[in-house]
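>
There are 2 protein chains.
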Amino acid sequence: MNDASPLYPVLERIDANLDAALERLMDLLRIPSISTDPAHAEDCRRAAEWLVADLESFGVAASARATPGHPMVVGHGGEGPRRLVFYGHYDVQPVDPIELWHRDPFDPAIEETPEGKVIRARGASDDKGQLMTFVEAARAWVEVHGALPAAVTFHFEGEEESGSPSLVPFLEANADELRGDLALICDTGLFDNDTPAITTMLRGLLGEEVTISAADRDLHSGMYGGIARNPIHVLSRIIAALHDDEGRITVPGFYEGVSELPAAIREQWQALGFDARKFLGAVGLSEPAGERDRMPLEMIWSRPSCDVNGISGGYEGPGFKTVLPARASAKLSFRLVGEQDPHKIRRNFRAMVQGMLPADCTAEFADHGASPACQMPADDPAFEAARRALGAEWPKPAAFIGCGGSIPIAGYFQSILGMNSLLIGFGRDDDNIHSPNEKYHLSSFHRGARSWARVLHALSMEPR
Amino acid sequence: MNDASPLYPVLERIDANLDAALERLMDLLRIPSISTDPAHAEDCRRAAEWLVADLESFGVAASARATPGHPMVVGHGGEGPRRLVFYGHYDVQPVDPIELWHRDPFDPAIEETPEGKVIRARGASDDKGQLMTFVEAARAWVEVHGALPAAVTFHFEGEEESGSPSLVPFLEANADELRGDLALICDTGLFDNDTPAITTMLRGLLGEEVTISAADRDLHSGMYGGIARNPIHVLSRIIAALHDDEGRITVPGFYEGVSELPAAIREQWQALGFDARKFLGAVGLSEPAGERDRMPLEMIWSRPSCDVNGISGGYEGPGFKTVLPARASAKLSFRLVGEQDPHKIRRNFRAMVQGMLPADCTAEFADHGASPACQMPADDPAFEAARRALGAEWPKPAAFIGCGGSIPIAGYFQSILGMNSLLIGFGRDDDNIHSPNEKYHLSSFHRGARSWARVLHALSMEPR
Chain A
-9 MNDASPLYPV LERIDANLDA ALERLMDLLR IPSISTDPAH AEDCRRAAEW
41 LVADLESFGV AASARATPGH PMVVGHGGEG PRRLVFYGHY DVQPVDPIEL
91 WHRDPFDPAI EETPEGKVIR ARGASDDKGQ LMTFVEAARA WVEVHGALPA
141 AVTFHFEGEE ESGSPSLVPF LEANADELRG DLALICDTGL FDNDTPAITT
191 MLRGLLGEEV TISAADRDLH SGMYGGIARN PIHVLSRIIA ALHDDEGRIT
241 VPGFYEGVSE LPAAIREQWQ ALGFDARKFL GAVGLSEPAG ERDRMPLEMI
291 WSRPSCDVNG ISGGYEGPGF KTVLPARASA KLSFRLVGEQ DPHKIRRNFR
341 AMVQGMLPAD CTAEFADHGA SPACQMPADD PAFEAARRAL GAEWPKPAAF
391 IGCGGSIPIA GYFQSILGMN SLLIGFGRDD DNIHSPNEKY HLSSFHRGAR
441 SWARVLHALS MEPR
Chain B
-9 MNDASPLYPV LERIDANLDA ALERLMDLLR IPSISTDPAH AEDCRRAAEW
41 LVADLESFGV AASARATPGH PMVVGHGGEG PRRLVFYGHY DVQPVDPIEL
91 WHRDPFDPAI EETPEGKVIR ARGASDDKGQ LMTFVEAARA WVEVHGALPA
141 AVTFHFEGEE ESGSPSLVPF LEANADELRG DLALICDTGL FDNDTPAITT
191 MLRGLLGEEV TISAADRDLH SGMYGGIARN PIHVLSRIIA ALHDDEGRIT
241 VPGFYEGVSE LPAAIREQWQ ALGFDARKFL GAVGLSEPAG ERDRMPLEMI
291 WSRPSCDVNG ISGGYEGPGF KTVLPARASA KLSFRLVGEQ DPHKIRRNFR
341 AMVQGMLPAD CTAEFADHGA SPACQMPADD PAFEAARRAL GAEWPKPAAF
391 IGCGGSIPIA GYFQSILGMN SLLIGFGRDD DNIHSPNEKY HLSSFHRGAR
441 SWARVLHALS MEPR
């Protein structure tokens, strides 16, 4: 970049107008747009209208679109051969337990902390603060150059924290309007405080519940112990058999569609200097417990996993009861990667369980959802351009990383609109999203806006 | 027995006075002596006093002895070289759910059923009806012969259904008074409607709770799945390892002290014609699930067992939550036989668990009690005499049988007083003890009293 670059004055503008940008964010944070609570439906509507007005204030033609739930905000601005779609969400999590907050969650303030200034409020990080980093970058482009550097569709959802019930129908009904060449999503985090990241691998999720039944009633373990089948024992044997001694999952065909990491990504991950001991140490653990032959970042980003999330059976209260229970159940989740087929894995898991049942036992299954893994084309030049642009803003180079959890919107954009997503965010692990005392670092907000200005510039320069 | 036997007129007396005996039982059943409910403390006291008065009515010197809980009734009557101690309990279980009773549980009545007449009331079987079988036999002896055929101590407890908190201190404080040559306990059942039984093998019980902890907090299975240790998996592996493929328990040293069944007992058990398919079929099972090389009655009476009675960990509510839990726990019970040492087994179990823990896991244990198995000397001539006496009353010969559960009083009599027990009872499996609509067959009551008259006679004839 040289002084003649159109980016430079945009970055200067963002710096000069930071206080005004913060005031705008504070305004939005004051609206308690808790989507899951019907009592806050009106607040969700207000937040949507606030965003419409803010987009229109710098020339984006925007409106709040009714859904069976909370409104979607959609706006269009700019021109150019590449059409970008920015997604964020304006709804926030509930604030309970409210007594653990040290201030009103909807009375935002800048606070000094040992790690620098933070914006303290519900939604400061997830996702109002993140969403506004892009809006401020877009505003600065318009204010400096009179226009956005590309055609940009703004799409803000108001139900992300309550399961997005209206999202899929809305995407399907408005596919042509909402489809672009590439989505930009700001709802993820930095790799660490100095290292930005583009999330290109998101694990899928398969949820299963299995209930093993034996006798048709609870039995007395004195009268029947030693002769009656105990479903807790049967369930335990099944769970124990799900992993082999190397930590590999034993469901037949489970690893079909799991690829090895590309060399370029492996190098980036190694360069991140991920400290597994520190990562695990923060939660009281010391040793990676996954597949023995995998590096820790693979375990959580690019390898599939299987965990029992809950188990239940017999007497669980205080004290003791000599019951021999009629049933026992477990909730399990499989995190999926690459091309793993969740439906095939569900079938194979169920067949494996059925095959392990002894006489007199039956298994019932409940389907708790299935979404395949989501993989972005890190080798697409636009992705590499965005990665370099991000690296120019932050102390350390940006990396393409994985995400152990799911980000459903990225999957919907792929499956419904055929659109990949650049997942870039500036949250920190300790932002307390979904918890009391949520905060967003001022540096995340400021550098975040500058980062988007750079990414917009890079993408506008990149031939489509 | 010939007509000159002193037993004959006693049996006739029992037959002739059955209606009066039933009236007495009804009187006792009308007192709602629910020991676990403090609101019924006065009723427990009334029941104790009713029994004192009833014993005194036929010349037994009796009194209600205060304890920190409900009173113990103790009475002494008769003379002879052999001193017998009869034990029963006058307290009853609560009646909830009361709406499932078809009549007031404390308004007893004789009802006609397809299986004959029954006495319907809470406590009809457990244990007021059973207790009174002995009292009526004793009364008949006194009324016919002016005296009991042996020295008999009557010992009625009022806290059996609420954990017997006062029992051990009372036995210890009154050991000389309460100790006899042999205890008679009427709180068990028939083998089947035609076959009386003397329970000579009672399994012991070892209660353990183990909690496996890994991370110091619940984790998100997306972020940590594949790298963090899951304590549910660890616990499942431990439980799965407790039995081998032959159904044997793998705790080191577990079978030390377990003997093979004596040939005479094995023959009696084979003669019982126990139908395991029917026994299991009644609760929706079909195949014995215990040690492969054992006959079904061994599995429940003379072989030790291990059951998980409850398991708990992670999210157990409706729906799904992708938590990777910090801990998981299980309550386990071991049923013990022969000379198995519960304390050694507890130590070995805990060491086995500790030895199976992977890195970052800890195990905490809770002690839920330990009592060794209780074995009566079936080869003692008094036991054989009682068995023959019982067989003379019922359609089929009596058998020495086992009991899968524990009967703590028999253990206390052995350990505190050095006294064995003849466990003889006339309950049926479907008496609904501890449940709504409890009943006791009139034939159990009538033949029960006649049975005790015979046993008293047999024991008084048997040289000490």
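Protein chains in written order, with our numbering: chain A, -9 to 454; chain B, -9 to 454.
Glycine included, every Cβ here is placed at the ideal spot set by N, Cα and C.
Keep in mind it's a predicted model, so treat the numbers as computed, not measured.
1) Secondary structure at residue 34 of chain A, three-state DSSP: helix, strand or coil?
2) According to DSSP, simplified to helix, strand and coil, what is residue -9 of chain B?
3) Measuring only the C-alpha atoms, how far is residue 51 of chain B from residue 142 of chain B?
4) Compare the Cα-Cα distances from residue 256 of chain B to each of B:138, B:389 and B:367 and report the closest residue.
5) Which parts of the stretch 314 to 380 of chain A are runs of the alpha helix (DSSP H), unbroken and 4 residues or longer, counting only runs that do not cross its ends?
6) Between residue 356 of chain A and residue 258 of chain A, what straight-line distance do the alpha-carbon atoms span, to the nearest angstrom?
7) What is the rounded straight-line gap between the Cα of residue 192 of chain A and the Cα of residue 372 of chain A?
8) Helix, strand or coil: which one does DSSP assign to residue 62 of chain B?
9) By a C-beta neighbour count over all protein chains shown, 10 Å radius and 16 as the cutoff for buried, is residue 219 of chain B buried or exposed?
10) Return no unless some Cβ of chain A is closer than 8 Å to the Cβ of residue 310 of chain B.
11) For a minimum of 3 consecutive residues, which ranges assigned as the beta strand (DSSP E) are wholly contained in the stretch 105 to 153 of chain A?
12) Using only the alpha-carbon positions, how far apart do residue -9 of chain B and residue 11 of chain B sit?
13) Give a yes or no on whether the C-beta atoms belonging to residue 292 of chain B and residue 325 of chain B are separated by under 8 Å.
14) Just the C-alpha distance for residue 408 of chain A and residue 168 of chain A, rounded to the nearest angstrom, thanks.
15) If residue 181 of chain A sits next to residue 187 of chain A, beta carbons under 8 Å apart, how far is it from one beta carbon to the other, in whole angstroms?
16) Does residue 120 of chain A pass the burial test, meaning 16 or more other C-beta atoms within 10 Å, or should it be called exposed?
17) According to DSSP, simplified to helix, strand and coil, what is residue 295 of chain A?
18) From residue 112 of chain A to residue 423 of chain A, what does the alpha carbon distance come to, in whole angstroms?
19) Which residues in chain B sit within 8 Å of residue 313 of chain A, going by Cβ to Cβ distance?
20) Give the list of continuous beta strand (DSSP E) stretches no shorter than 3 residues that lie fully inside the stretch 207 to 261 of chain B.
21) Against chain A, which members of the stretch 205 to 221 of chain B pass a CB distance test of less than 9 Å?
22) Taking 8 Å as the CB-CB limit, is residue 317 of chain A close to chain B?
23) I'd like the list of long-range same chain contacts for residue 352 of chain A, defined as Cβ closer than 7 Å, with 5 residues on each side in sequence excluded.
24) State the Cα-Cα distance for the pair residue 90 of chain B and residue 426 of chain B, rounded to the nearest angstrom.
25) Exposed or buried, which one is residue 268 of chain A when buried takes at least 16 other CB atoms within 10 Å?
26) Note down, in chain order, every chain B residue with its Cβ under 7 Å from the Cβ of residue 289 of chain A.
27) The alpha helix (DSSP H) with residue 433 of chain B in it runs from where to where?
28) As a quick exercise: from A:342, A:343 and A:434, pick the residue whose alpha carbon is nearest that of residue 380 of chain A.
29) Which residue's Cα is closest to the Cα of residue 145 of chain A: A:176, A:136 and A:301?
30) Look up residue 50 of chain A in the DSSP assignment and say whether it is helix, strand or coil.
31) Between residue 441 of chain B and the rest of its own chain, which residues show a CB-CB distance below 6 Å, the 5 nearest in sequence each way excluded?
32) Take the Cβ of residue 151 of chain A as the centre, count every other Cβ of all protein chains shown within 10 Å, and call the residue buried at 16 or more, exposed below.
33) Which value, in whole angstroms, describes the spacing of the CA atoms of residue 148 of chain B and residue 34 of chain B?
34) Along the alpha helix (DSSP H) that carries residue 160 of chain B, what are the first and last residues, could you check?
35) For chain B, check one thing: does any of its Cβ atoms lie closer than 8 Å to the Cβ of residue 411 of chain A?
36) Closest to residue 432 of chain B by C-alpha separation, out of B:189, B:391, B:82 and B:110, would be which residue?
So, to answer that:
1) Correct three-state label for residue 34 of chain A: helix.
2) The predicted position of residue -9 of chain B is uncertain, since its pLDDT is 49 and thus under 50; a value taken from the coordinates is nonetheless stated next. Coil at residue -9 of chain B, not helix or strand.
3) Cα-Cα distance, rounded: 11 Å.
4) Closest by C-alpha distance to residue 256 of chain B, out of B:138, B:389 and B:367, is B:389.
5) Those alpha helix (DSSP H) runs which fall completely within the stretch 314 to 380 of chain A and span 4+ residues are 332 to 346.
6) Answer to the nearest angstrom: the Cα atoms are 40 Å apart.
7) Residue 192 of chain A and residue 372 of chain A have their C-alpha atoms spaced approximately 19 Å apart.
8) Residue 62 of chain B sits in a strand when the DSSP states are folded into three classes.
9) Flag for residue 219 of chain B reads buried.
10) Yes, residue 310 of chain B counts as interfacial toward chain A.
11) If you keep only unbroken beta strand (DSSP E) runs of at least 3 residues inside the stretch 105 to 153 of chain A, you get 106 to 110 and 141 to 147.
12) Interpretation of residue -9 of chain B is limited by its pLDDT of 49, a score under 50 that renders its predicted location unreliable; the figure taken from the coordinates is listed afterwards. Looking at the two C-alpha atoms, the distance is approximately 25 Å.
13) For the pair residue 292 of chain B and residue 325 of chain B, the CB atoms are not nearer than the 8 Å cut-off.
14) CA-CA distance, residue 408 of chain A to residue 168 of chain A, rounds to 11 Å.
15) With 8 Å as the limit, residue 181 of chain A and residue 187 of chain A qualify as a contact, their Cβ atoms being about 4 Å apart.
16) By the neighbour-count rule (16 or more Cβ atoms within 10 Å), residue 120 of chain A is buried.
17) In the structure shown, residue 295 of chain A sits in a strand (DSSP, three-state: E or B).
18) Each residue's Cα considered, the two are about 8 Å apart.
19) Result: 299 and 300.
20) For the stretch 207 to 261 of chain B, not a single whole beta strand (DSSP E) run of length 3 or above is found.
21) Cβ contacts with chain A come from 205, 206, 207, 209, 210, 211, 212, 213, 214, 215, 216, 217, 218, 219 and 220.
22) Contact of residue 317 of chain A with chain B is not assigned, every C-beta pair being separated by 8 Å or more.
23) If we look at residue 352 of chain A and ignore the five residues flanking it on each side, its Cβ neighbours are 203.
24) Taking C-alpha positions only, residue 90 of chain B is separated from residue 426 of chain B by approximately 6 Å.
25) So residue 268 of chain A counts as exposed.
26) Close to residue 289 of chain A, with beta-carbon spacing below 7 Å, are these residues of chain B in chain order: 216 and 217.
27) According to the DSSP assignment, residue 433 of chain B belongs to the alpha helix (DSSP H) that extends over 432 to 451.
28) Checking every option, the nearest Cα to that of residue 380 of chain A belongs to A:434.
29) Closest in alpha carbon position to residue 145 of chain A, among A:176, A:136 and A:301, is A:176.
30) Note: residue 50 of chain A maps to coil in three-state DSSP.
31) Hits under 6 Å: 380 and 383.
32) Burial call: buried.
33) Just so you know, the alpha carbons of residue 148 of chain B and residue 34 of chain B end up roughly 7 Å apart.
34) For residue 160 of chain B, the enclosing alpha helix (DSSP H) starts and ends at 157 to 163.
35) Taking Cβ atoms only, chain B never reaches closer than 8 Å to residue 411 of chain A, which makes this a no.
36) Selection B:189, B:391, B:82 and B:110 evaluated against residue 432 of chain B yields B:110 as nearest (Cα-Cα).
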